[in-house]
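In my numbering, the protein residues as written are 34 to 320. Since the structure comes first, as C-alpha cells, the remarks are kept for the end.
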Amino acid sequence: MTNDPGSNGTSNSATKSLHDLHQTGTFVLVNVHDAGSAALAAAAGAEALGTTSGGHAYTIGRRDAAGAIGREEAIARVTEICSTVDIPVSVDAENGWGHGPHDVARTIERLVEAGAAGASIEDWSGDAEIGFYERQHAVDRIVAAVETARALDPNFVICARADRMTHDGLDAFDDALARLQAFAEAGADCLYAPGVSDTAYIGRLVGEAGGPINALLGVGGDLTIDDMRELGVRRVSLGSSLYQATMAVFDRIVRQVLTTGSLTVDTPPLDWQTVEALFPDRPVTDS
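Listed below in C-alpha cells is the structure:
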C-alpha cells in the first residue's frame, strides 16, 4: 500500500504519480463512491481515482449538497478508499467543509493525513444566503489550500473550481474564466469549471485559464476522451456518472425481478472469487 500520508514537506508515491499526470497529456480521473468501486476501478486499469460527493451522499441516504456530509464523515470514506488501492486518490472536498481559509487549510491537513493525493475546492459556499464566495475570498481560500499542501506534501494536487456555470449556465462563463485565472495565479495545480460541455468553451478554458484544465465527461454525453485530448484537456473526470449509471442498472434489475420473477441479466455478475480477490485480508478492528 503506497498511499501513505506525507508530512513535514515530504511526498509519497501516490501524490508524485498524480502530480506527474497533470504535467503532460490527458488522463482519466475515475470517480468512485466507496472502497469497493475504487478496487474495481483500480483492477480495471485506472491510473487515478477521484471521489464523488454525490455518490458518497447517495450511498448513505443524503442529497448531494455542501454541508450534507461533514468533514470527518468524508475523510473516513477517503481513508477507506486510500487504504484499499495503491493508485492516487483525489478528493471532492466540496467547499472545504468551511467558509474561511483556515477551514480549507485544516481540510487539506486532514486529507494529507488520510493518504489522499489531491483535492478539489469549490467557490460555491453551499449556503443560499452566502452564495458564491466573493472572488478575492475565493482566491484566499485557494491560497490557503496551496500553502498548506506545499508545506505538508509538495506534490499534493490542488484543483480549484469555479462553479457558477452549474447555476447560471454559459452566461457566467466570463466570471468563471476570470476566477480560474486568479486561482492559477494563486498556485492551483488544476482548474475546473463544471457546467461546460461545448467544445468551443472548453477550448477557451484550455487556452486562457492559465493552467491544466479538468473537464467533465458525463455518461450519455456526445464527447469522448479523444475529443478531450484533442482540445488539450489535461484531466477528464467522470463525476457521479458512474454511480448514477450503476444505480440505473440496479433499478432495472430490481423492477424486473419484482414484475417478472426473472433475474436474467444482460451482463453476467462478477463471481465472488473475483470480487474477494480485490481486497486484502485484514484483521477485525472492532474495539
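From the three backbone atoms N, C-alpha and C, an ideal C-beta is built for every residue, glycine too.
{"Check": "Residues of its chain near Val172, where Cβ-Cβ distance is below 6 angstroms and the 5 sequence neighbours each way are ignored", "Outcome": "Ala215, Ala219"}
{"Check": "Length at least 4, wholly inside the stretch 143-210: the alpha helix (DSSP H) runs in chain order", "Outcome": "168-185, 197-201"}
{"Check": "Length of the line joining the Cα atoms of Arg137 and Thr300", "Outcome": "Reading off the sequence shown, one finds Val at residue 137, where the question assumed Arg. Between Val137 and Thr300, the C-alpha separation is close to 43 angstroms."}
{"Check": "Nearest-angstrom Cα separation, counted from Phe206 out to Gly240", "Outcome": "14 angstroms"}
{"Check": "The stretch 178-190 in contact with the stretch 160-168 per 3-pair CB rule at 8 angstroms", "Outcome": "no"}
{"Check": "Close beta carbons around Pro316, own chain, < 6 angstroms, minus the five adjacent residues each side", "Outcome": "none"}
{"Check": "Own chain partners of Thr84 with C-beta closer than 6 angstroms, once the 5 adjacent residues on each side are dropped", "Outcome": "Val124, Asp125"}
{"Check": "Range covered by the alpha helix (DSSP H) that runs through Arg262", "Outcome": "258-264"}
{"Check": "Bounding residues of the beta strand (DSSP E) (the contiguous stretch that carries Ile235)", "Outcome": "Note, Ile235: premise wrong, no beta strand (DSSP E); alpha helix (DSSP H) at 232-241."}
{"Check": "Under the three-state DSSP convention, the category Ser270 falls into", "Outcome": "strand"}
{"Check": "Residue(s) in a DSSP beta bridge with Ser123", "Outcome": "Gly83, Gly151"}
{"Check": "Option nearest Thr326 by Cα separation, candidates Glu113, Asp255, Ser273, Asp260", "Outcome": "Look at the range of the chain in this structure, 34 to 320, and you will see that residue 326 is not part of it."}
{"Check": "Neighbourhood of Gly133 by C-beta distance below 7 angstroms, restricted to the same chain and skipping five residues each side", "Outcome": "none"}
{"Check": "Residue of Arg212, Ala193, Glu127 minimising C-alpha distance to Gly159", "Outcome": "Glu127"}
{"Check": "Rounded C-alpha distance that separates Gly88 from Val266", "Outcome": "24 angstroms"}
{"Check": "Close beta carbons around Arg212, own chain, < 7 angstroms, minus the five adjacent residues each side", "Outcome": "Asp156, Arg168, Ala171, Ala195"}
{"Check": "Nearest to Glu146 (by Cα), restricted to the options Ile154, Glu105, Ala177, His135", "Outcome": "Glu105"}
{"Check": "Beta carbon of Ala182 nearer than 9 angstroms to that of Ile120", "Outcome": "no"}
{"Check": "Reduced DSSP secondary structure (H/G/I, E/B, other) of Phe312", "Outcome": "coil"}
{"Check": "Cβ separation of Ala109 and Ile175, assumed to be a contact under 8 angstroms, to the nearest whole Å", "Outcome": "Rounded, the Cβ-Cβ distance is 25 angstroms, inconsistent with contact."}
{"Check": "When Leu238, Ala178, Cys223, Pro227 are compared against Asp201, the one with the closest alpha-carbon", "Outcome": "Pro227"}
{"Check": "Backbone secondary structure at Ile246 - three-state DSSP", "Outcome": "strand"}
{"Check": "Which of helix, strand or coil DSSP assigns to Ala287", "Outcome": "It is Val, not Ala, that sits at residue 287 in the sequence shown. Helix at Val287."}
{"Check": "Segments assigned alpha helix (DSSP H), at least 4 residues, entirely inside the stretch 45-90", "Outcome": "46-54, 68-76"}
{"Check": "Own chain, CB closer than 7 angstroms to Met34, minus 5 neighbours either side, in chain order", "Outcome": "With a pLDDT of 41 at Met34, under the threshold of 50, the predicted position of this residue should be treated as unreliable, though the coordinate-derived value follows. So the list reads Ser116, Asp119, once near-sequence residues are dropped."}
{"Check": "Cβ neighbours of Glu80 in the same chain (closer than 6 angstroms, five flanking residues each side left out)", "Outcome": "Phe60"}
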